[in-house]
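J.: Protein sequences appear in the order of chains A and B. Take numbering that gives the first Met the number 0: the final residue in the first sequence is number 249, and no numbers are missing along the way. Take numbering that gives the first Met the number 0: the final residue in the second sequence is number 74, and no numbers are missing along the way. Don't be surprised by glycine CBs; every beta carbon is placed ideally from N, CA and C.
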Amino acid sequence: MQIDPIHQFEIKTLLPMMNVGGHQISFNNSALFMFIIVGTVSTLLIGATTRRAVVPGRLQSIAELSYEFVANTVRSSAGTEGMKFFPFVFTLFMFVLFANLIGLIPYSFTVTSQLIVTATLALLVFFIVVGYGFWKNGWHFLNLFVPKGVPKLILPAIVFIEVLSFLSRPVSHSVRLFANMLAGHITLQVFAGFVIMLAGAGVLGWFGAALPFIMVVLLTALEFLVAFLQAYVFAILTCIYLNDAIHPGH
Amino acid sequence: MDPTAAKYIGAGIACIGMGGAGVGVGIIFGNYLAAALRNPSAAQGQFGNLIFGFAITEALGIFSLLIALLLLFGL
Chain A
0 MQIDPIHQFE IKTLLPMMNV GGHQISFNNS ALFMFIIVGT VSTLLIGATT
50 RRAVVPGRLQ SIAELSYEFV ANTVRSSAGT EGMKFFPFVF TLFMFVLFAN
100 LIGLIPYSFT VTSQLIVTAT LALLVFFIVV GYGFWKNGWH FLNLFVPKGV
150 PKLILPAIVF IEVLSFLSRP VSHSVRLFAN MLAGHITLQV FAGFVIMLAG
200 AGVLGWFGAA LPFIMVVLLT ALEFLVAFLQ AYVFAILTCI YLNDAIHPGH
Chain B
0 MDPTAAKYIG AGIACIGMGG AGVGVGIIFG NYLAAALRNP SAAQGQFGNL
50 IFGFAITEAL GIFSLLIALL LLFGL
């Protein structure tokens, strides 16, 4: 039996809309799941905060915990001045977290396993950092690339490396999330394929199939950790990049 | 050599790079744990740095995995 582990990432057109310059613009399963994610996050947070009790209930605790968690992250890595970006970082964190978690439901679609989605988010962060950096600091923003206390002889090489590392940020920022989700889901699929292949081999195969089945269960638990960790990593890197725009001096 | 075979061999070789990332992530978490056992009260404050270092190191391993995936499914 042939199992294609890449099949789950296929984009399916659900509602063809129009054709612009040879590019098909349509409502696909990726867009559908993005609406589901935004709907889930909005329902959860609005529902949790309508009845504001002094002693929080279960829902309100979730909302308060996530708020405090992200607020502490922003405050510790971008300073109190960075708190003006808190709504942005919180939105990014909740979107990525719920995209990862909803993607773990079998037969659903993982939005963050599409490079174009994560690249768009990373480029948004990148341009906000560049735009805000120049708007707030003017040309002093370029001090970011000139570390203090470096001998003049090697300064050009250092500046070159700093610029290069700054430009490669959106690449690593987006590819990290994308590749983590892609690799995790492919691994799950491959081990699930082992179960089916072994179970199809007869009674003896059923006992053999138990091993990859246990592995799938454990990997799913690991994937929940990865889903949360990658959302956190995405948020904390956003904070660190924003910190460069707010305080460009090294 | 058959191009398809060369592609699969290349994907396998590309994955060796992940070993380096594995070593790096191990060093980061090992050192964090060692430091946290020496001074548990300061450990909580360094959690952000831990995750940051982990993310930077992991990215390099992910890049080699990406090359392997590109060879297998992209090109």
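Run the CB neighbour count on P39(B), radius 10 Å, all protein chains shown included, and call it buried at 16 or more, exposed below.
T.: With fewer than 16 other Cβ atoms within 10 Å, it is exposed.
J.: On the DSSP bridge assignment, give the partners of H22(A) in chain order.
T.: Per DSSP, V19(A).
J.: Which residues of chain A have a Cβ atom closer than 8 Å to the Cβ of A35(B), listed in chain order?
T.: Per Cβ cutoff of 8 Å: no residues; A35(B) is ~17 Å from chain A at best.
J.: Out of P247(A), H246(A), A244(A) and I239(A), which one is the CA nearest neighbour of G52(B)?
T.: Cα-wise, what sits closest to G52(B) is I239(A).
J.: Which runs of the alpha helix (DSSP H), 4 residues or longer, sit entirely within the segment 109–193 of chain A?
T.: Segments of the alpha helix (DSSP H) lying fully in the segment 109–193 of chain A: 114–136 and 154–166.
J.: Can you check whether the CB of A70(A) is closer than 8 Å to the CB of A47(A)?
T.: No, the pair does not count as a contact, with Cβ atoms beyond the cut-off.
J.: What residue range does the alpha helix (DSSP H) around M93(A) cover?
T.: Start and end: F85 to G102.
J.: Buried or exposed: where does H22(A) fall if 16 or more other Cβ atoms within 10 Å of its Cβ makes it buried?
T.: Looking at its Cβ environment, which holds fewer than 16 other Cβ atoms inside 10 Å, H22(A) is exposed.
J.: For I27(B), count the other beta carbons within 10 Å of its own beta carbon; 16 or more makes it buried, fewer makes it exposed. Which is it?
T.: The residue in question, I27(B), is buried, as its Cβ has 16 or more Cβ neighbours within 10 Å.
J.: Can you list, in chain order, the residues of the segment 57–85 of chain A whose Cβ is nearer than 8 Å to any Cβ on chain B?
T.: Under the 8 Å Cβ criterion, the segment 57–85 of chain A contributes T72, S75 and S76.
J.: How about G47(B): is its C-beta nearer than 8 Å to some C-beta of chain A?
T.: Taking Cβ atoms only, chain A reaches closer than 8 Å to G47(B), which makes this a yes.
J.: Just by C-beta distance, which residues in the segment 211–235 of chain A are closer than 7 Å to chain B?
T.: Correct list: Y231, V232 and I235.
J.: Starting from I115(A), find everything on chain B with Cβ-Cβ shorter than 9 Å and list it in chain order.
T.: Within chain B, no residue comes near I115(A); the closest Cβ sits about 14 Å away, beyond 9 Å.
J.: For the alpha helix (DSSP H) that contains C252(A), what are its first and last residues?
T.: What is shown of chain A runs 0 to 249, which leaves residue 252(A) out entirely.
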